[in-house]
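Sequential numbering from 96 applies to the sequence shown in this note's numbering.
Below: one structure, written as structure tokens.
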Amino acid sequence: MNNILQLKGRFEKRKNDSRFGAPKLPKNQKVSSKHMLELKQQLEIVKEYWTRNRDIEGALVSVHYTRVVAKTNRLRNLLGDTGKKPIDSVRGAKFVTGKDASGSLIHKHVFTHYVQISAIERAISNLEKVADIINLDYKGVITSKDTETIGKEKPYKYDKKIKKTNFIAVILDAFYVEKFAIDMRSEEVTEDTIVTIYRTDVDTKELLRRFGIDVLENRIIDETTLLLNPGQMQTLYRKAPYLISMSVTDFTRINLEHDFEREDFQSQGDDLIPKPSTEPTVGVIDTQFDERVYFHEWVEYKNMLPEEITLDKKDFYHGTAVTSIIVDGPKGNPKLDDGCGRFRVRHFGVATQGGFSSFAVLRSIREIVANNQDIKVWNLSLGSPESVKENFISPEGAELDRIQREYDVIFVVAGTNTPDGRAHPEMKVGSPADSLNALVVNSVNMKGESASYTRKGPVLSFFHKPDISYYGGDGKKRDTQIAVCIDDLGAAYRTGTSFAAPWITRKLAYLIHVMGLNRETAKALLIDSAAKWSGNGRISDTLGYGVVPQRIEDILHTENDEIKFFITGTTEDYEIYNYNLPVPVIDGKHPFYARAVMSYFPPCDRNQGVDYTSTEMDLHFGRVQPNGKIKAIDDNKQSEEGQILYEEDARNIYRKWDNIKRICEKVKTRAVPRKAYESGMWGISILTKDRVTTKEKKNLQFGLVITLKEMKGKNRIDEFMKNCMAHGWLVNRIDVENQVDIYTLAEEEIEFE
Numbered sequence: 096m097n098n099i100l101q102l103k104g105r106f107e108k109r110k111n112d113s114r115f116g117a118p119k120l121p122k123n124q125k126v127s128s129k130h131m132l133e134l135k136q137q138l139e140i141v142k143e144y145w146t147r148n149r150d151i152e153g154a155l156v157s158v159h160y161t162r163v164v165a166k167t168n169r170l171r172n173l174l175g176d177t178g179k180k181p182i183d184s185v186r187g188a189k190f191v192t193g194k195d196a197s198g199s200l201i202h203k204h205v206f207t208h209y210v211q212i213s214a215i216e217r218a219i220s221n222l223e224k225v226a227d228i229i230n231l232d233y234k235g236v237i238t239s240k241d242t243e244t245i246g247k248e249k250p251y252k253y254d255k256k257i258k259k260t261n262f263i264a265v266i267l268d269a270f271y272v273e274k275f276a277i278d279m280r281s282e283e284v285t286e287d288t289i290v291t292i293y294r295t296d297v298d299t300k301e302l303l304r305r306f307g308i309d310v311l312e313n314r315i316i317d318e319t320t321l322l323l324n325p326g327q328m329q330t331l332y333r334k335a336p337y338l339i340s341m342s343v344t345d346f347t348r349i350n351l352e353h354d355f356e357r358e359d360f361q362s363q364g365d366d367l368i369p370k371p372s373t374e375p376t377v378g379v380i381d382t383q384f385d386e387r388v389y390f391h392e393w394v395e396y397k398n399m400l401p402e403e404i405t406l407d408k409k410d411f412y413h414g415t416a417v418t419s420i421i422v423d424g425p426k427g428n429p430k431l432d433d434g435c436g437r438f439r440v441r442h443f444g445v446a447t448q449g450g451f452s453s454f455a456v457l458r459s460i461r462e463i464v465a466n467n468q469d470i471k472v473w474n475l476s477l478g479s480p481e482s483v484k485e486n487f488i489s490p491e492g493a494e495l496d497r498i499q500r501e502y503d504v505i506f507v508v509a510g511t512n513t514p515d516g517r518a519h520p521e522m523k524v525g526s527p528a529d530s531l532n533a534l535v536v537n538s539v540n541m542k543g544e545s546a547s548y549t550r551k552g553p554v555l556s557f558f559h560k561p562d563i564s565y566y567g568g569d570g571k572k573r574d575t576q577i578a579v580c581i582d583d584l585g586a587a588y589r590t591g592t593s594f595a596a597p598w599i600t601r602k603l604a605y606l607i608h609v610m611g612l613n614r615e616t617a618k619a620l621l622i623d624s625a626a627k628w629s630g631n632g633r634i635s636d637t638l639g640y641g642v643v644p645q646r647i648e649d650i651l652h653t654e655n656d657e658i659k660f661f662i663t664g665t666t667e668d669y670e671i672y673n674y675n676l677p678v679p680v681i682d683g684k685h686p687f688y689a690r691a692v693m694s695y696f697p698p699c700d701r702n703q704g705v706d707y708t709s710t711e712m713d714l715h716f717g718r719v720q721p722n723g724k725i726k727a728i729d730d731n732k733q734s735e736e737g738q739i740l741y742e743e744d745a746r747n748i749y750r751k752w753d754n755i756k757r758i759c760e761k762v763k764t765r766a767v768p769r770k771a772y773e774s775g776m777w778g779i780s781i782l783t784k785d786r787v788t789t790k791e792k793k794n795l796q797f798g799l800v801i802t803l804k805e806m807k808g809k810n811r812i813d814e815f816m817k818n819c820m821a822h823g824w825l826v827n828r829i830d831v832e833n834q835v836d837i838y839t840l841a842e843e844e845i846e847f848e
């Protein structure tokens with residue numbers, strides 16, 4: 096077995112110096128004046144509505160596009176307020192299902208803008224002017240060739256009527272826009288609801304007060320998200336349905352597994368577990384913890400519920416079971432011994448067995464993490480029985496993503512079970528398993544197959560969840576279940592994603608605390624270990640990237656014919672790159688297959704709906720060609736000039752806007768070594784793009800794990816290491832035993848005389 100390597104080297108950086116050509120319609124496309132006038136008429140209806148309804152001072156307008164559109168193809172002119180671009184007024188985004196010109200079902204983008212009525216009037220005027228010009232000069236239809244010619248025209252003859260740039264921009268807007276409308280929501284509500292309203296110029300509390308809804312300060316999550324009772328929600332639906340961006344029921348029940356047989360493994364007295372020492376501390380947020388268990392000295396417990404809430408013995412079962420796996424899981428499950436040892440736990444009880452308020456838990460989690468910033472890995476095995484929504488992330492998922500960015504932590508989240516424990520093949524995961532930055536874990540049986548109670552992704556119609564899977568048991572026989580400790584009476588045998596997640600929490604905590612990896616690299620390493628050499632295709636909606644290996648050494652080592660290394664860094668500009676990676680050359684060729692996984696934690700904005708992630712890292716990895724470009728192993732050319740790729744295809748093929756990038760060559764029966772170009776080098780390029788340009792751009796950290804597999808089974812790691820050092824890389828062989836010794840020494844308390 097080869098150890099994994101850490102490579103440290105310098106990445107060069109480059110600003111985005113590419114210049115877009117003159118805007119024009121896509122090749123062989125056209126726009127009619129009839130469509131322009133239809134859009135104008137729709138905006139006139141929108142204007143008339145908001146002229147009569149002045150409660151929000153501005154106007155909400157939904158723009159329905161003809162397909163999923165890239166940022167560059169969204170409104171350029173229409174709905175632009177004075178001194179602002181149309182993109183500045185976006186308040187939400189969702190997908191709807193529609194048909195393309197051939198009749199095939201496709202996703203279509205819908206963006207909701209908040210603008211002043213003057214912006215609508217300006218759009219109406221510009222549409223009318225452009226339609227008139229098309230009727231006069233182009234017989235009612237303008238083509239891509241016409242727009243190309245106009246772009247070169249000097250002088251442009253309609254300059255006094257509408258500037259040339261605006262003329263072209265309106266044509267492009269009309270081409271991509273299907274219609275304008277005011278979207279209204281309506282729903283029957285019988286329980287407290289967490290609702291998000293569109294951001295306007297009016298303070299949320301003041302705005303709702305205009306409709307007779309008074310909201311207490313302690314029921315507000317952020318400037319647009321708050322908790323309303325059923326009566327308040329019905330009032331909002333009746334008086335201002337256009338304001339509601341998204342809503343979810345607040346009350347969540349925990350679907351716990353029934354009790355199984357017991358086995359007394361606590362009769363061995365005080366020798367059952369040693370005293371805690373320098374072991375890493377993991378955070379658990381769950382139901383309560385029973386302090387009578389044999390490992391109680393390993394756990395700091397705090398009940399976060401109000402004192403007046405009376406607790407039943409069942410309120411302690413779930414949380415205690417989860418924590419028992421993290422502290423001492425291999426004791427009751429020797430077949431799942433992962434080699435990670437034991438962990439201390441700081442356990443926070445935020446719920447009871449009967450259920451909990453998502454709103455209350457949201458507030459508790461932020462407080463808990465803020466007050467325990469020494470903890471970097473958190474386990475959250477609570478989840479909703481309701482499926483996540485397709486067009487927006489849950490308040491719980493969004494809050495976890497915010498917390499992870501603000502406090503540099505990572506959550507391991509259970510993928511949630513079906514409510515009745517039976518198979519529901521189409522049932523989506525429940526919140527907060529839609530947290531994008533969290534590591535979401537689904538369950539498999541002891542054979543590595545999806546458990547019967549498994550739920551599926553994707554979330555937000557696009558993002559892969561779960562990330563990975565692990566053993567959570569299935570069936571009614573003891574040897575098919577997970578042994579946990581729930582009280583002082585001994586072992587209980589249970590199944591569920593709640594008991595798969597803690598095993599991954601153990602591995603993640605080991606990688607971060609003991610091995611000293613950052614969260615980005617640790618996450619990438621776990622995903623890479625699960626995916627192995629599986630193809631680039633669509634990952635499983637139930638298994639994620641696959642089942643993580645049981646033993647920690649199988650994650651930190653690789654086969655003798657493989658070279659695995661990781662690189663960490665931060666994005667400091669539009670592109671960072673290194674074209675100096677010396678993959679061994681044999682007889683003028685590289686006899687290697689290659690794969691790579693990159694992980695990063697992008698800023699996210701729940702108000703943007705399906706366009707949730709704000710930053711994209713585009714990974715290019717492969718041989719450096721004589722022209723200085725990288726021949727990417729996945730043939731990624733989406734950032735090259737002249738390449739035309741629909742946004743939906745870029746998302747599906749290259750995972751554009753996803754926070755996990757994985758590319759992998761197919762291992763074939765007949766191995767054909769790759770030609771080594773003149774330099775013999777491989778390169779890494781990471782391009783960073785933002786949905787919205789901001790002045791306060793922050794660098795993002797990434798973790799990149801790369802694996803090279805020798806086609807003829809030879810071990811070339813020493814040659815690779817020597818070549819890397821000769822080309823300026825610092826190479827560190829990750830030795831597990833040495834890292835454990837270093838961690839132990841670093842955690843020892845020194846007593847000064």
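For each residue, glycine too, the CB sits at the ideal point set by N, CA and C.
- In the DSSP assignment, A509 is bridged to V536.
- In the DSSP secondary-structure assignment, S157 is bridged to T207 and A276.
- Given a length threshold of 3 residues, each whole run of the beta strand (DSSP E) inside the stretch 459–495 is given here in chain order: 472–475.
- Distance from T549 to S538 at the Cβ level is roughly 6 Å; contact confirmed, criterion being Cβ atoms closer than 8 Å.
- If you look at H413, you'll find it in the alpha helix (DSSP H) that goes Y412 to G427.
- Shown here for G307: same chain residues with a beta carbon closer than 8 Å to its own, the five before and five after excluded, namely T330 and K334 in chain order.
- Note: I779 is bridge-paired with N673 and F716 in the DSSP secondary-structure output.
- In the displayed model, V191 falls within a strand according to three-state DSSP.
- Look at G246 here: in three-state DSSP terms it is helix.
- Inter-residue distance for V379 and K430 is about 24 Å (C-alpha atoms, whole angstroms).
- Under DSSP, R109 forms a beta bridge with E670.
- Burial is judged here by how many other beta carbons sit within 10 angstroms of a residue's own beta carbon; E670 has at least 16 and is buried.
- Per the coordinates, the alpha-carbon of D649 lies some 11 Å from the alpha-carbon of V831.
- In the three-state reduction of the DSSP assignment, L620 falls in the helix class, which pools H, G and I.
- Rounded to the nearest angstrom, the gap between the Cα atoms of L231 and K523 is 53 Å.
- Straight-line spacing of the CA atoms in A578 and I725 works out to 50 Å.
- Between the C-alpha atoms of T244 and G178 there is a straight-line separation of about 29 Å.
- Distances from the CA of N673 to each of M541, L714, Y688 and R690 were compared; the closest alpha carbon is that of L714.
- The alpha-carbon of A533 is positioned some 5 Å away from that of F506.
- A distance below 8 Å between beta-carbons, with the five flanking residues on each side excluded, links I470 to the following residues of its chain, in chain order: T376, V377, G378, R441, V464 and V504.
- Excluding the 5 residues flanking it on each side, D623 has same chain C-beta neighbours closer than 6 Å at V692 and V800, in chain order.
- Sequence-distant partners of I201 (beyond 5 residues in either direction) whose C-beta falls short of 8 Å from its own C-beta, in its chain, are R162, V163, T192, G193, K194, D195 and E743.
- According to DSSP, residue pairing for G444 in a beta bridge involves D381 and N398.
- The secondary-structure analysis by DSSP pairs R589 across a beta bridge with I577.
- For K256, the three-state secondary structure derived from DSSP is coil.
- Per DSSP, F815 is one residue of the alpha helix (DSSP H) stretching across I812 to A821.
- In this structure, L100 keeps its C-beta atom at 8 Å or more from the C-beta atom of V767.
- Put simply, the stretch 133–141 touches the stretch 217–227. At least three CB pairs are less than 8 Å apart.
- A residue is called buried once 16 or more other Cβ atoms fall within 10 Å of its Cβ, and E773, having fewer, is exposed.
- Nearest neighbour of H204 by Cα position, chosen from K166, V456 and K234, turns out to be K166.
- The stretch 263–281 makes contact with the stretch 122–134; the number of CB pairs closer than 8 Å reaches 3 or more.
- Assigned with DSSP and collapsed to three states, S220 falls in helix.
- The beta carbon of I607 is closer than 7 Å to those of K471, V472, R614 and A617 in its chain, skipping five residues each way along the sequence.
- For the pair of segments examined, the stretch 832–842 was found not to touch the stretch 801–819: the number of CB pairs separated by less than 8 Å stays below three.
- Residue environment: Q124 is assigned as exposed (fewer than 16 neighbouring CB atoms within 10 Å of its CB, all protein chains considered).
- In the three-state reduction of the DSSP assignment, N97 falls in the strand class.
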